[in-house]
Amino acid sequence: MPIDYSRWDHLEVSSSSASECDDDGCCCSDHNASEHDPESRSGSRLNVDRVVGLSSRPATSRPSTGVARSSHVKVHPSDRSVPDIYLCDPDEFVPDLDMDNFWDGAWGIEPANPLTAMMRRMSTQTLYRPGTEYEKDPETQFIEGLMKKKLNSLGPSPDVDLILEVELDEIRPRVWRRFRCAANIPLLVFQDKILSPIMGWSRNYHGFLFRDPRDFSQFGPGPSCSFIDLMHMPLMGHAAIDAAAVQVGQLLRQPGDTLGYEYDLGDRWRHWIKVIEVTDRPGKCAVLDGAMRCPPEDSNGTVDHAGNDGYQGLLDLLERNPRQAEKNLRQASKAQNCKGIFDPFEFDVRRAQRVLEEALASPISAMNGSKVVEHSLHPAAQFHRRGRPGQADVVSNCGDSGLVNSFMHETVNRVKDPKDLSLCASCGQPRPPKLCASCRVVRYCGPSCQAAHWKKAHRTECASMKSAAQAAKKEIKRSKG
Numbered sequence: 001m002p003i004d005y006s007r008w009d010h011l012e013v014s015s016s017s018a019s020e021c022d023d024d025g026c027c028c029s030d031h032n033a034s035e036h037d038p039e040s041r042s043g044s045r046l047n048v049d050r051v052v053g054l055s056s057r058p059a060t061s062r063p064s065t066g067v068a069r070s071s072h073v074k075v076h077p078s079d080r081s082v083p084d085i086y087l088c089d090p091d092e093f094v095p096d097l098d099m100d101n102f103w104d105g106a107w108g109i110e111p112a113n114p115l116t117a118m119m120r121r122m123s124t125q126t127l128y129r130p131g132t133e134y135e136k137d138p139e140t141q142f143i144e145g146l147m148k149k150k151l152n153s154l155g156p157s158p159d160v161d162l163i164l165e166v167e168l169d170e171i172r173p174r175v176w177r178r179f180r181c182a183a184n185i186p187l188l189v190f191q192d193k194i195l196s197p198i199m200g201w202s203r204n205y206h207g208f209l210f211r212d213p214r215d216f217s218q219f220g221p222g223p224s225c226s227f228i229d230l231m232h233m234p235l236m237g238h239a240a241i242d243a244a245a246v247q248v249g250q251l252l253r254q255p256g257d258t259l260g261y262e263y264d265l266g267d268r269w270r271h272w273i274k275v276i277e278v279t280d281r282p283g284k285c286a287v288l289d290g291a292m293r294c295p296p297e298d299s300n301g302t303v304d305h306a307g308n309d310g311y312q313g314l315l316d317l318l319e320r321n322p323r324q325a326e327k328n329l330r331q332a333s334k335a336q337n338c339k340g341i342f343d344p345f346e347f348d349v350r351r352a353q354r355v356l357e358e359a360l361a362s363p364i365s366a367m368n369g370s371k372v373v374e375h376s377l378h379p380a381a382q383f384h385r386r387g388r389p390g391q392a393d394v395v396s397n398c399g400d401s402g403l404v405n406s407f408m409h410e411t412v413n414r415v416k417d418p419k420d421l422s423l424c425a426s427c428g429q430p431r432p433p434k435l436c437a438s439c440r441v442v443r444y445c446g447p448s449c450q451a452a453h454w455k456k457a458h459r460t461e462c463a464s465m466k467s468a469a470q471a472a473k474k475e476i477k478r479s480k481g
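Residue 448 in full-length UniProt numbering sits at position 448 of the sequence shown, with consecutive numbering throughout.
Quick look at the structure:
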C-alpha cells in the first residue's frame with residue numbers, strides 16, 4: 001500500500017514559549033493547566049504526536065522552547081524539554097497512586113509516552129555526562145530526591161520470620177510459591193538466594209525491581225550491576241533504591257502487606273508478594289507449598305507476547321489445542337531455566353527446596369558480571385571476561401539450546417560474602433557469626449547448623465571451595481601491590 005505523505009504537509013513548529021516554572025517548586029500544583037493554553041505549550045512535539053497517532057500530555061511536558069528553571073534540580077541550558085514534574089521539590093511531591101498504572105508508573109509518576117521519552121533521551125544524551133558540570137539528567141536528580149525521602153521514612157526491620165506467598169500476576173492456573181524466611185534479609189540477597197531459586201528463575205541472569213504499592217517507590221540492582229535489561233530503566237522510573245540497602249521486613253511487616261516484584265525488565269514478569277503470617281520464632285528458610293512450573297526464561301515458547309500475557313497465551317493454547325501447542329513447548333524446553341521437557345503443570349516442593357538450599361550455601365551472585373550469551377564464529381574466538389580480584393569467569397556451552405558456538409559467561413565470587421549480605425548456609429538466617437574453619441567461605445549460625453550442613457552437603461564441597469578461595473585471596477593481595 002503506498003504511503004500518503006500529504007499528512008505531513010501541514011506540520012507547524014511553534015515558536016511560542018510557555019512561562020517557566022517558579023523556583024519555589026510550584027510546578028507540583030495544577031496551575032499550568034489553568035494559566036496556559038495547551039496548544040501554546042505543545043510546539044512541534046504535539047503536532048508530530050497527532051500525525052503518528054500518539055497521545056500527548058501537555059500538563060506534564062515542558063514546551064520545546066524556553067529554558068527550564070528549578071531550584072531543586074540542575075538543568076543544562078540547552079535542555080528545553082524537561083517534563084515539569086521533574087522540576088518540583090521532591091519533598092513536596094505527592095505520587096499518583098492509580099493502581100492501573102502500578103507496573104508502569106514508578107514513583108507515582110504518570111507513564112511517559114515511549115516515543116516521546118526516546119526522542120528526549122536522544123536529544124539530551126550528550127548534555128549530561130559524568131565528570132562534567134551536568135553529571136545527571138533532571139529526571140535522575142529528582143528521583144534521587146524521592147529515594148532519599150523514602151529511605152528516611154523506613155523504620156528498622158523487626159527481628160521476626162515471615163511466611164510469604166509469591167504469585168505471578170493474573171496467570172491462571174495460578175503460578176505460586178509459599179515459603180518462610182527471616183524478615184531482616186536485604187532485598188538484594190532475598191531476590192538472589194531465595195526468591196529466584198524457589199520460583200525457578202535463573203540466578204544472575206536478568207534485572208529486577210521491587211515496588212511498594214503504598215507510594216510506588218522501587219528498589220533494584222545497585223550501580224555496579226551489569227544486567228543487560230537495565231537499558232530499559234529510563235522508561236521504568238529512571239532509578240531505584242539499591243536493594244542491598246533495604247531489608248524485606250522494612251516493607252513487609254504484617255499479614256496482608258504486599259510488594260510488587262518484576263523480573264526481567266525486557267520481558268517483564270510481574271509478581272505479587274504477600275505476607276501470610278508473622279512469627280517470632282526463628283526457623284529454617286524453606287519452601288512450604290506451591291503449584292505450576294516457572295515460565296521459561298526469555299519468554300521461550302510463549303504466544304504472541306512476552307512475559308505474563310504471552311505465558312497466559314501458552315496456557316490457553318494448551319487447553320484449546322494441545323497438538324498445536326507442542327511446538328511452543330519444545331521451544332520452551334530450550335530456555336535457560338529448563339532442563340528437559342517443559343511441563344507447565346509440574347511442581348515438586350522437594351526439588352524446589354533442594355534448589356533453595358544450594359543457593360543458600362553458595363556465594364552471592366557477582367552482579368557486576370551477570371550471565372550473558374556469546375555467539376562466536378569459532379570456539380577459539382571466545383570472549384573471556386575478567387572480573388574483579390577474587391572473581392572468576394565461568395563459561396558453559398549453550399549447545400542444548402540449538403545455538404552453534406554459543407557460550408554462557410558468568411562472573412562468580414570465590415570468597416566469603418560481606419557479613420551484612422551473608423546468610424547461614426544451613427538455615428538461611430541473616431548475618432551468621434561463624435565461618436567454616438577450613439574453607440572460610442560459608443557462614444553458620446552456630447555448631448548445630450554447621451554440623452547438619454557438613455553431613456548433608458559441605459563435606460564434598462569444602463576442599464574445592466577452600467582451594468578457590470585461597471587462589472582468590474592471593475589474586476586480591478597481588479592487586480593491592
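Cβ coordinates follow ideal geometry from the N, Cα and C atoms, glycine included.
Inset, instruction - With 8 Å as the threshold, decide whether the Cβ of residue 100 is near any Cβ in chain C. - result: Of the protein chains in this structure there is only one, and it is not chain C.
Inset, instruction - Tell me, to the nearest whole angstrom, how far the beta carbon of residue 297 is from that of residue 336; I am working on the premise that it is less than 8 Å. - result: 4 Å
Inset, instruction - Sort out for me which residues DSSP pairs residue 270 with in a bridge. - result: 262
Legend entry - Beta-carbon spacing of residue 365, residue 203 below 8 Å: yes
Legend entry - Sequence-distant residues of the same chain with beta carbon closer than 8 Å to residue 257, five excluded per side: 251, 274, 275
Legend entry - Assigned secondary structure, residue 38 (DSSP; H/G/I helix, E/B strand, else coil): With a pLDDT of 37 at residue 38, under the threshold of 50, the modelled position of this residue cannot be trusted; read the value that follows with caution. In the structure shown, residue 38 sits in a helix (DSSP, three-state: H, G or I).
Legend entry - Helix, strand or coil at residue 107 [DSSP, three-state]: helix
Inset, instruction - Using beta-carbon positions only, say whether residue 146 and residue 107 come within less than 8 Å of one another. - result: yes
Inset, instruction - Identify whether residue 325 lies in helix, strand or coil by the three-state DSSP scheme. - result: helix
Inset, instruction - Quick one: grab the DSSP three-state call for residue 227. - result: coil
Legend entry - residue 219 - partner residues in DSSP beta bridges: 210, 241
Inset, instruction - Throw me the rounded Cβ distance for the residue 288 and residue 303 pair, which I believe falls under 8 Å. - result: Cβ-Cβ separation between residue 288 and residue 303: approximately 31 Å, too far for a contact (criterion under 8 Å).
Legend entry - Helix, strand or coil at residue 458 according to DSSP, with G and I counted as helix: Reduced to three states, the DSSP call for residue 458 is helix.
Inset, instruction - Using a threshold of 8 Å, state whether the C-beta atoms of residue 206 and residue 128 are closer than that. - result: no
Inset, instruction - Please look up how many angstroms separate the CB atoms of residue 408 and residue 344, rounded, as I've assumed it's under 8 Å. - result: The Cβ separation is near 24 Å, so there is no contact.
Inset, instruction - With a threshold of 7 Å, establish whether the CB of residue 345 neighbours any heavy atom of the ligand PLP. - result: The ligand PLP is not among the ligands present in this structure, which contains no ligands whatsoever.
Legend entry - With 16 other Cβ atoms within 10 Å as the buried cut-off, status of residue 326: exposed
Legend entry - Within the segment 306-360, ranges of the alpha helix (DSSP H) (whole runs, at least 4 residues): Entirely contained in the segment 306-360, the alpha helix (DSSP H) runs reaching 4 residues are, in chain order, 307-320, 322-332, 349-360.
Inset, instruction - Would you kindly check if the distance between the Cβ of residue 182 and the Cβ of residue 218 is under 8 Å? - result: For residue 218 and residue 182, no; Cβs fall outside 8 Å.
Legend entry - Reduced DSSP category for residue 434 - H, G, I as helix; E, B as strand; rest coil: strand
Legend entry - DSSP-derived helix/strand/coil call for residue 128: Coil, per DSSP.
Legend entry - Residue environment, residue 98, which counts as buried when at least 16 other CB atoms sit within 10 Å: Under this definition residue 98 is an exposed residue.
Inset, instruction - Reducing DSSP to helix, strand and coil, say where residue 414 ends up. - result: coil
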